[in-house]
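Report on one structure; see the data block that follows.
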Amino acid sequence: MSPVVRPFISEESIQERLQEMALKLKGRFDLEQRVVVIGLLKGAAFFMTDLVRALARHGLKLDLDYMSLSSYGSGTSSSGVVKVRLDCREDLEGAQVLLLDDILDTGNTLTFALDHLKSRGAEKMVTAVLLDKPDRRQVSVTADMVGFTIPNHFVVGYGIDYAEHYRELPYVGILEGVQ
Ligand code: 5GP
Ligand code: MG
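Every letter in the sequence shown is one number past the one before it in the working numbering, and letter 49, counting from 1, is 49.
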């Protein structure tokens, strides 16, 4: 059976939810100071791009940066070991940071990223994820803001891949027919 993507969260639902998230996130920061937004590549790229434009409409001063961490191979399960592939370059000493990831799954990635950014000097950390799969958690971590809480499906689209495919889809779908 060849893989099939079943539409799950529409483009409209995602965009609508991002506006709500931006409004709520605004209240978490000191608006007089810059917020360093750090997206975890590659999955959070679409989420970040749309969310920061929504945040900018609320007048937040943003600096954008990215990190690349590895935990998944090209398959569909986490190895649990997280490594820094590409570190962010911004000076985080005393900064308020908004950390973005596509999916909070076992929790290993977000836990590692939080520790790492704190060790880089971040003073205030706020985390937001597009999708949360609480049933899959291996370490106890929660995001400050969640776009959508979902059951344990393997999803793709809106930046999220399977072996580098499907990132370009404007919606989130459930990938069926792969093991
Ligand atoms: P964690 O460390 O929380 O297990 O993993 C989070 C990362 O695993 C996400 O950033 C994402 O890259 C990947 N991941 C978790 N669930 C899925 C999924 O359903 N589909 C895809 N493509 N990646 C996932
Ligand atoms: Mg990821």
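We put the beta carbon where it would ideally sit given N, CA and C, even for glycine.
Residue i - DSSP class collapsed to helix/strand/coil
{"i": "LYS83", "result": "strand"}
{"i": "THR111", "result": "helix"}
{"i": "PHE46", "result": "helix"}
{"i": "LEU31", "result": "coil"}
{"i": "VAL141", "result": "coil"}
{"i": "SER2", "result": "coil"}
{"i": "HIS116", "result": "helix"}
Those residues which DSSP pairs with residue i across a bridge
{"i": "PRO7", "result": "GLY173"}
{"i": "VAL146", "result": "VAL129"}
{"i": "GLY39", "result": "TYR66, LEU100"}
{"i": "ILE160", "result": "GLY157"}
Cutoff 8 Å; reference residue i; Cβ partners in own chain excluding five residues on either side
{"i": "LEU86", "result": "LEU41, TYR66, MET67, SER68"}
{"i": "TYR166", "result": "VAL5, VAL156, GLY157, ILE160, GLY173, LEU175"}
{"i": "PRO151", "result": "LYS133, ASP135"}
Euclidean distance between Cα positions of residue i and residue j
{"i": "SER10", "j": "HIS153", "result": "16 Å"}
{"i": "HIS23", "j": "MET1", "result": "According to the sequence provided, residue 23 is Leu. The question's His does not apply to it. The alpha-carbon atoms of LEU23 and MET1 are separated by roughly 43 Å."}
{"i": "MET48", "j": "LEU100", "result": "7 Å"}
{"i": "ALA143", "j": "PRO3", "result": "31 Å"}
{"i": "MET21", "j": "GLY43", "result": "18 Å"}
{"i": "GLU181", "j": "LEU117", "result": "No answer is possible for residue 181: the residues shown for the chain start at 1 and end at 179."}
{"i": "ILE103", "j": "ARG57", "result": "25 Å"}
{"i": "ASN108", "j": "LEU114", "result": "10 Å"}
{"i": "LEU18", "j": "GLY27", "result": "15 Å"}
{"i": "LEU60", "j": "GLY177", "result": "43 Å"}
{"i": "GLN179", "j": "SER13", "result": "28 Å"}
{"i": "ARG120", "j": "LEU92", "result": "6 Å"}
{"i": "LEU169", "j": "VAL141", "result": "28 Å"}
7 Å CB neighbourhood of residue i in its chain, flanking five on each side removed
{"i": "VAL52", "result": "VAL37, LEU62, LEU64"}
{"i": "VAL146", "result": "VAL129, ASP132"}
{"i": "ALA45", "result": "GLY39, GLY159"}
{"i": "GLN33", "result": "GLN96"}
Beta-carbon contacts of residue i that lie in its chain and below 6 Å, excluding the five residues immediately before and after
{"i": "LYS124", "result": "GLN96"}
{"i": "VAL82", "result": "LEU69, SER71, ASN108, THR109, PHE112"}
{"i": "GLY94", "result": "GLU123"}
{"i": "LEU98", "result": "VAL35, VAL37, VAL126"}
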